[in-house]
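S.K.: Structure in structure tokens, see below.
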Amino acid sequence: MSEIKHYLTGVRKFFKRLFARRIVIFGAVIVAFFIFVALFAPLISPHDPYKQDLKLSFAGPSREYPLGNDELGRDILSRLIYGARTSLSIGFVAVLISAGCGIILGLVAGYVGGAVNTIISRVMDALMSIPPIMLSLGLGIIFGSGMTSLMIILGLSTIPTYTRLMCAQVLAIRNSDYINAERVLGASNIRIMFSHILPNCLSPILVLFTMNIGGTILAEASLSFLGVGVKPPMASWGAMVNEGYNRLITNPVFALAPGICIMLLVLGFNILGDGLRDVLDPRLRGSI
Amino acid sequence: MTRYIVKRLIQSVIVIFIVSVFTFLLTYMIPGDPVYAMLGGDITREQYEIAYKEMGLDKPMHIRYINWLSNILRGNFGMSYKYRMPVIDLIKARLPVTMYLGTLSIIISTAVGVILGILAATKRGKAIDTVITLLANLGAVMPLFWLAVLGMSLFAMHLKWLPSYGFTFPTENFSMSIKQTILPLFALSVGAISGTTRQMRSSMLEVIRQDYIRTARAKGLKESQVITKHALKNALIPIVTLTGMSFRNVVSGSTSVEIIFSIAGTGQLLVNSVLSKDVATTQACILLVAVVVSIANLIVDISYGYIDPRIRLQ
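These protein sequence lines map, in sequence, to chains A and B. Count along the first sequence starting at 1, add 291, and that's the number in this note's numbering. Count along the second sequence starting at 1, add 19, and that's the number in this note's numbering.
Below, the structure is given as structure tokens:
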């Protein structure tokens with residue numbers, strides 16, 4: 292019972308330190324807001340985002356359609372709300388894939404070392420030397436477009452960052468006393484890797500995870516803008532900018548609104564990540 | 020030091036080799052027939068048979084790879100299905116454009132970023148620091164394509180101060196070149212400037228807290244001398260790595276910029292070839308970019324070894 296209390300006090304202290312700076316609260320609120328919008332999209336959005344009404348093509352803001360309509364007469368506000376769903380789901384799933392694979396690869400590479408480390412590191416270097424958009428485009432030719440493909444593609448492109456980070460961490464603590472003590476006690480390698488080394492490496496991974504979600508959302512928007520990512524009729528902020536930028540003078544909201552949403556969401560995740568970094572390791576340089 | 024260079028060089032070669040294997044396998048990873056992937060769907064049966072033999076599809080995989088590689092090393096990247104010309108000609112025409120924009124962007128972003136970072140760090144807490152930090156954070160989250168689109172609509176379509184598309188080399192028409200490259204360069208550099216500013220600021224702040232800076236001040240040196248002679252050299256070390264990394268981002272960022280501003284560069288080539296499933300061109304673009312980035316990283320790592328003695332002694 293006292294253990295649970297102790298644990299809860301630790302959690303409370305963590306959040307107190309995390310939100311000590313007002314700006315981190317701001318970031319958390321932004322992220323929470325968008326998550327809320329994405330989760331409750333069907334309830335919040337005033338219209339069906341896929342319903343077309345060609346009579347209203349490129350209409351400006353009106354009472355019924357607060358942000359106007361797009362080329363096919365769909366409600367921009369609803370598409371914006373559903374776009375949050377697209378961005379957040381792709382962001383989370385892709386980063387989960389990245390982190391999952393990257394952590395395991397980094398753990399194995401760092402712990403086993405030797406030839407395994409060399410092979411994994413070289414393959415990760417090769418993956419990193421192809422710029423992310425090019426990699427996504429190249430993989431896009433294989434996997435096609437669409438949400439699942441995009442999740443896999445974006446997931447694959449950031450694995451090297453996690454692997455490198457994890458590997459460096461593991462190498463640092465691999466020969467420390469408490470790990471050696473576990474070996475002496477007879478713990479198997481797998482147990483050492485997952486129960487002892489992994490938990491001690493998680494702090495920077497958590498920071499990277501948060502920042503990475505922002506980066507993935509930006510990447511998805513860029514790919515959708517180029518026409519290689521999420522395609523209409525699916526709602527995606529990047530694709531909306533693509534549809535809207537030719538009409539920027541007559542109908543500015545169409546291209547501006549999705550861009551602002553992308554900026555806010557990514558900013559929120561970045562601020563949150565910075566705050567986490569300050570809490571988890573004060574020695575690491577925060578930049579805000 | 021030489022050992023370090025040789026080790027890094029071998030690593031780069033291995034990395035490029037792995038990338039070449041990946042690009043080679045691209046043809047075979049596409050759903051569908053590799054011959055159709057290379058030549059397109061509307062070919063006769065004879066053309067199919069000829070292509071089959073030419074592509075060496077009747078030979079085992081490693082022989083095919085060696086043939087492909089020997090072609091590449093001789094400069095033969097195959098024919099582009101979409102543009103109906105040898106891929107190498109496409110690349111020769113477009114690569115200089117992308118490299119010009121990219122290099123210019125890196126030079127500008129590093130210079131501006133370092134200066135802004137130093138300013139923000141030395142005047143920490145004052146108004147200018149808040150403004151710079153705020154702008155840097157905004158610039159880091161701004162979607163590149165959105166910024167390009169906004170810039171184009173504001174300066175090219177609304178105000179009509181600058182042209183909205185096209186590209187000329189400065190050697191051909193200097194003033195037109197400047198006018199055409201301002202917007203793309205700006206869009207391309209904002210992200211890198213933001214990153215460099217943030218990094219420079221935090222590394223300056225960290226360096227300024229060190230004891231040797233306190234000693235320099237205690238010795239009576241002017242503040243400007245303290246900054247330039249002592250703090251700057253040490254603070255610049257992470258910037259070198261950052262510049263190497265931003266090379267990657269500039270190359271990939273250029274895809275959006277090239278599409279928006281209709282600049283005939285390799286980024287636009289890559290996107291168009293992916294959209295039309297032109298495998299040969301896609302392969303060539305990816306391979307080329309990977310090689311360029313690997314060389315850039317190699318140069319950065321080697322110069323890192325020169326600048327930071329701690330790395331050299333590893």
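Note that the Cβ used here is the ideal one computed from N, Cα and C, for glycine as well.
Could you work out which residues of chain A lie near leucine 289 (chain B), taking near to mean beta carbons separated by less than 9 Å?
M.R.: Simply Ile424, Met425, Leu428, Gly429.
S.K.: Give the DSSP bridge partners of asparagine 360 (chain A), in chain order.
M.R.: A:Asp366
S.K.: Work out the CA separation of valine 519 (chain A) and tyrosine 55 (chain B) for me, nearest whole Å.
M.R.: Just so you know, the alpha carbons of tyrosine 55 (chain B) and valine 519 (chain A) end up roughly 21 Å apart.
S.K.: Quick one: list the residues of chain A neighbouring leucine 294 (chain B), beta-carbon separation under 8 Å, in chain order.
M.R.: Gly518, Val519
S.K.: Tell me the rounded alpha-carbon separation between phenylalanine 164 (chain B) and isoleucine 553 (chain A).
M.R.: 11 Å
S.K.: Going by DSSP in three states, glycine 577 (chain A) sits in which element: helix, strand or coil?
M.R.: Caution applies to glycine 577 (chain A), whose pLDDT of 40 falls short of 50 and renders its modelled position unreliable; the model cannot decide the point.
S.K.: Note down the Cα distance separating serine 578 (chain A) from threonine 152 (chain B), rounded to an integer number of angstroms.
M.R.: The predicted model places serine 578 (chain A) with a pLDDT of 38, which falls under 50 and marks its position as unreliable; any figure quoted below should be read in that light. Using only the alpha carbons, I get a separation of about 8 Å.
S.K.: Just to confirm my understanding: we take serine 99 (chain B), look at its own chain, exclude 5 residues before and 5 after, and list those with CB closer than 8 Å. What are they?
M.R.: Pro105, Val106, Leu109, Ser292, Asp297, Ala299, Thr300
S.K.: Would you kindly report the start and end of the unbroken alpha helix (DSSP H) that includes methionine 161 (chain B)?
M.R.: Looking at the DSSP string, methionine 161 (chain B) is not in any alpha helix (DSSP H), and its letter there is neither H nor E.
S.K.: Would you call the CB atoms of phenylalanine 174 (chain B) and leucine 181 (chain B) closer than 9 Å?
M.R.: yes
S.K.: For arginine 482 (chain A), count neighbouring C-beta atoms within 10 Å of its own C-beta (all shown protein chains included) and say buried if the count is 16 or more, exposed if not.
M.R.: exposed
S.K.: Candidates A:Val403, A:Ile395, A:Leu447: which alpha carbon is nearest alanine 417 (chain A)'s?
M.R.: A:Leu447
S.K.: Looking at C-alpha atoms only, which residue of B:Phe41, B:Gly284, B:Ala139, B:Thr190 is the closest neighbour of tyrosine 184 (chain B)?
M.R.: B:Gly284
S.K.: Less than 9 Å between CB atoms is the rule here; does phenylalanine 193 (chain B) satisfy it with respect to chain A?
M.R.: no
S.K.: In three-state terms, what does DSSP make of methionine 438 (chain A)?
M.R.: helix
S.K.: Between the segment 85–103 of chain B and chain A, which residues of the former have CB atoms less than 7 Å from a CB of the latter, in chain order?
M.R.: none
S.K.: Can you have a look at leucine 207 (chain B) and say buried or exposed, based on whether 16 or more other CB atoms are within 10 angstroms of its CB?
M.R.: buried
S.K.: Closer than 9 Å by beta-carbon distance: list the chain B residues that pair up with methionine 525 (chain A), in chain order.
M.R.: Here the premise fails: no neighbours, minimum Cβ distance about 18 Å.
S.K.: Three-state secondary structure (DSSP) at phenylalanine 105 (chain B)?
M.R.: Before going on, a small fix: residue 105 (chain B) reads as proline here, not phenylalanine. Reduced to three states, the DSSP call for proline 105 (chain B) is strand.
S.K.: Tell me which residues share the same chain as leucine 575 (chain A) and place their Cβ nearer than 7 Å to its Cβ, disregarding the 5 neighbours each side in the sequence.
M.R.: A caution first: leucine 575 (chain A) carries a pLDDT of 48, below 50, which makes its placement in the model unreliable, though a value can still be read off. The residues are Arg568.
S.K.: Just checking, does the segment 319–330 of chain B make contact with the segment 126–134 of chain B on the three C-beta pairs under 8 Å criterion?
M.R.: Result no; under three Cβ-Cβ pairs closer than 8 Å.
S.K.: In this structure, does DSSP put methionine 98 (chain B) in helix, strand or coil?
M.R.: strand
S.K.: If the criterion is Cβ atoms closer than 9 Å, does the pair leucine 379 (chain A) and phenylalanine 325 (chain A) meet it?
M.R.: Taking 9 Å as the Cβ cut-off, leucine 379 (chain A) and phenylalanine 325 (chain A) qualify as a contacting pair.
S.K.: Say whether chain A places a C-beta atom closer than 9 Å to the C-beta of proline 53 (chain B).
M.R.: Chain A has no Cβ within less than 9 Å of the Cβ of proline 53 (chain B).
S.K.: Relative to the C-alpha of leucine 157 (chain B), which candidate in A:Leu555, A:His297, A:Glu294, A:Lys296 has its C-alpha closest?
M.R.: A:Leu555
S.K.: Please report whether the beta-carbon of tryptophan 165 (chain B) lies at a distance below 9 Å from any beta-carbon of chain A.
M.R.: yes
S.K.: Please classify phenylalanine 36 (chain B) as buried or exposed, where buried requires at least 16 other C-beta atoms within 10 Å of its C-beta.
M.R.: exposed
S.K.: Please specify which runs of the beta strand (DSSP E), each continuous and at least 3 residues long, are wholly inside the segment 413–490 of chain A, giving them in chain order.
M.R.: none
S.K.: Any idea what DSSP makes of proline 50 (chain B), helix, strand or coil?
M.R.: coil
S.K.: Using alpha carbons as the reference points, say which of B:Phe205, B:Leu154, B:Phe193 lies closest to serine 213 (chain B).
M.R.: B:Leu154
S.K.: Of the residues that make up the segment 304–316 of chain A, which ones have a beta carbon closer than 7 Å to any beta carbon in chain B?
M.R.: none
S.K.: Give, in chain order, every unbroken run of the beta strand (DSSP E) that is at least 3 residues long and sits entirely within the segment 487–523 of chain A.
M.R.: none
S.K.: Following the continuous alpha helix (DSSP H) through lysine 72 (chain B), name the residue where it begins and the one where it ends.
M.R.: 64–73
S.K.: Which value, in whole angstroms, describes the spacing of the CA atoms of aspartate 366 (chain A) and proline 543 (chain A)?
M.R.: 15 Å
S.K.: Starting from asparagine 561 (chain A), find everything on chain B with Cβ-Cβ shorter than 8 Å and list it in chain order.
M.R.: Asn156, Ala159, Val160
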